[in-house]
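This report concerns only the one structure given below.
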Ligand SMILES: [Zn+2]
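Numbering (the working numbering), first residue to last: 1080 to 1209.
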């Protein structure tokens, strides 16, 4: 359950050969850290690096936390992939103004792309909690 330490999910991913997110234009290795901090020194559960590409995850948190942090960072990559954020242009994370239908189309296509290129990673992340 949620109180269980993150070790099993972290360990499974670390021990796997699919501990990265492939989005076609780049691969983001998923790496685990203790006391992860953002550029401005704030404690954080996960973050994306864009050059070189990497998803960094705080490993000292619950399994719920680790899973959510990985999925959260995957969606940062998906939204950047389909042109829905400015993450590569400084610190401005504003979403482009876009109508709901187009937003949903872009996010759902980005999600399918990420899921299809990362079948094993998504299988682990989408498992029902025990
Ligand atoms: Zn975020």
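Just so it is clear, CB atoms sit at the ideal spot from N, CA and C, and this is done for glycine as well.
Under 7 Å Cβ to Cβ from residue i, same chain only, skipping five residues before and after it: list those, please.
i	result
residue 1116	1122 and 1123
residue 1190	1157
residue 1101	1196 and 1197
Among the options, whose alpha-carbon lies nearest the alpha-carbon of residue i?
i	options	result
residue 1159	1146, 1182 and 1142	1182
residue 1162	1147, 1150, 1148 and 1188	1188
residue 1105	1130, 1152 and 1178	1130
residue 1153	1091, 1119, 1098 and 1141	1098
residue 1107	1179, 1149 and 1140	1149
residue 1111	1142, 1120 and 1134	1134
Residues in its own chain within less than 6 Å of residue i by CB, not counting five upstream and five downstream?
i	result
residue 1114	none
residue 1201	1194
residue 1205	none
residue 1155	1127
Could you tell me which residues DSSP puts in a beta bridge with residue i?
i	result
residue 1101	1106
residue 1090	None, per the DSSP bridge assignment.
residue 1112	1137
residue 1125	1136
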